[in-house]
Ligand SMILES: Cc1cc2nc3c(=O)[nH]c(=O)nc-3n(C[C@H](O)[C@H](O)[C@H](O)COP(=O)(O)OP(=O)(O)OC[C@H]3O[C@@H](n4cnc5c(N)ncnc54)[C@H](O)[C@@H]3O)c2cc1C
């Protein structure tokens with residue numbers, strides 16, 4: 001007689017997608033075991049949104065994602081914004097909407113979301129085991145999952161909800177990729193995304209802590225140019241802030257081959273920069289370069305930009321040459337930097353790449369390599385931009401898979 005514990009559904013990983021899948025499966029009458037390798041479940045939920053948890057976005061759509069957007073689209077069909085909002089309200093989490101459709105718990109604390117999910121799972125009868133890492137998964141008639149301590153578990157359906165290797169201090173690891181490979185899956189190259197960057201220009205350190213609204217463009221002036229508008233934060237090593245984080249996912253595959261040019265446009269709303277500079281110079285002919293920028297740019301940015309552009313500091317604007325006008329116009333519209341590297345995984349909020357979605361049924365999230373296995377969330381080759389899109393995708397995956405599992 002086989003005395004290995006048997007479950008209908010074994011969910012590996014008690015993060016955003018795993019908690020949702022376990023809860024929805026248990027609500028449908030299944031006997032569910034939820035495994036978590038850390039001491040606590042939902043650690044990335046807890047650190048998300050600077051501890052406030054930007055849990056979804058009122059404008060979520062497939063265009064907010066990279067990687068396999070068709071799979072993202074299918075998940076959004078099953079779990080659109082309103083369903084997500086209703087779900088959390090029914091869980092007892094009151095929410096507020098902030099700028100650009102970002103939704104946060106009204107308490108202002110991510111614990112509201114993580115705790116609501118943990119309690120709902122317990123109430124629905126989910127068995128949660130923390131400090132239990134799955135290290136091996138085999139499929140014969142049923143799934144056999146081995147834990148790091150050697151214990152064996154069995155289940156009819158198995159769910160990989162292990163997340164990515166980003167942010168190891170909150171549970172990120174390679175574990176999910178290893179388990180997916182054991183089940184026959186291929187992993188597309190994985191790179192940091194929603195991640196700050198190092199730049200070659202060391203003088204940027206002079207701007208440490210300064211923020212500005214910009215349009216950031218990678219490979220400016222080329223056909224493959226990628227842009228994002230928003231806030232940039234200058235750091236001791238380079239550039240951060242939402243506008244940079246949102247384009248960082250494009251960098252990984254290219255940085256392996258060499259540095260990538262990036263440009264900052266401080267006046268994206270002004271199409272003809274040279275005309276703008278000339279008009280301002282005509283209005284204030286007696287000002288020097290530094291005074292010219294007063295009221296236009298943060299003082300430290302203006303000083304560095306003047307140095308980079310090689311403009312003589314004390315020369316009155318009325319004596320600027322044609323070349324100076326062009327240089328100033330070019331620099332305020334496309335201030336050039338050179339990205340040399342992405343910051344380490346411990347600073348990345350998510351991973352681009354992951355389990356190849358061509359091996360997944362988009363409508364059910366069931367593995368095409370290993371029937372009965374479901375793969376969810378950030379482990380898949382889908383990543384969202386900053387604004388609540390990654391958590392929305394994770395919840396949506398958990399919901400989609402749980403509903404797709406056959407009734408007992
Ligand atoms: C600092 C930070 C801030 C963020 N802020 C936001 C935000 O505000 N809004 C937003 O939408 N997204 C945000 N994200 C991204 C978001 O948190 C993730 O995309 C989301 O949590 C992914 O959900 P998941 O279920 O795929 O993985 P996770 O939530 O990472 O969960 C995976 C879980 O599986 C466990 N696990 C892994 N392997 C095993 C194993 N072998 N056995 C047992 N357990 C295992 C892990 O410990 C982890 O708890 C942020 C991320 C970070 C790091």
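Numbering (my numbering), first residue to last: 1 to 408. Don't be surprised by glycine CBs; every beta carbon is placed ideally from N, CA and C.
Are the Cβ atoms of residue 333 and residue 267 separated by less than 9 Å? Against a cut-off of 9 Å, the Cβ pair of residue 267 and residue 333 comes out as a contact.
Proximal residues to residue 111 (C-beta, below 7 Å), its chain only, five neighbours per side dropped: 46
Is the Cβ-Cβ distance between residue 22 and residue 126 less than 9 Å? yes
Counting pairs of Cβ atoms below 8 Å between the region 47-59 and the region 139-155, do you hit three or more? no
For residue 410, I'd like the list of residues in its chain whose CB is within less than 6 Å of its CB, leaving aside the five on either flank, ordered along the chain. Because residue 410 is not part of the residues shown, which for the chain are 1 to 408, the question remains open.
Could you give the distance in angstroms between the alpha-carbon of residue 187 and the alpha-carbon of residue 392? 22 Å
Burial state of residue 44 (16 or more Cβ within 10 Å): Counting Cβ neighbours within 10 Å, residue 44 comes out buried, since at least 16 surround it.
Exposed or buried, residue 1, counting other C-beta atoms within 10 Å across all chains shown (16 or more means buried)? Unreliable placement is indicated for residue 1, whose pLDDT of 44 sits below 50; the coordinate value is still reported in the next sentence. With fewer than 16 Cβ atoms within 10 Å of its Cβ, residue 1 is classed as exposed.
With a Cβ-Cβ cutoff of 9 Å, do residue 346 and residue 237 count as a contact? no
Between the CA atoms of residue 190 and residue 294 - distance to the nearest angstrom: Roughly 44 Å between the two C-alpha positions.
Nearest neighbour of residue 402, chosen from 146, 193, 39, 160 [CA to CA]: 160
In the DSSP assignment, the alpha helix (DSSP H) including residue 261 goes from what residue to what residue? Not the alpha helix (DSSP H): residue 261 falls in the beta strand (DSSP E), residues 260-265.
Let's test the definition: count the other Cβ atoms within 10 Å of the Cβ of residue 77 and tell me whether it reaches 16, buried, or not, exposed. exposed
For residue 335, which residues does DSSP report across the bridge? 264
Nearest to residue 106 (by Cα), restricted to the options 98, 94, 114: 94
Does the CB of residue 243 have a neighbour CB from chain E at under 9 Å? Considering every chain present, this structure includes no chain E. It has just one protein chain.
Can you find a heavy atom of ligand 1 that lies under 8 Å from the Cβ of residue 43? yes
Take residue 298 and list the residues in its own chain whose beta-carbon comes closer than 7 Å to its own, dropping the five residues that flank it on each side. 210, 212
For residue 274, collect the residues of the same chain with a Cβ closer than 7 Å to its Cβ; drop the 5 residues on either side in sequence, then sort them by chain order. 325, 326, 329
Does residue 45 come out as helix, strand or coil in the three-state DSSP assignment? helix
Examine ligand 1 and report whether any of its heavy atoms sits within less than 8 Å of the Cβ of residue 379. yes
Between the C-alpha atoms of residue 177 and residue 195, what's the straight-line distance to the nearest angstrom? 20 Å
Can you check which of these residues, 147, 73, 114, is closest to residue 10 by C-alpha distance? 147
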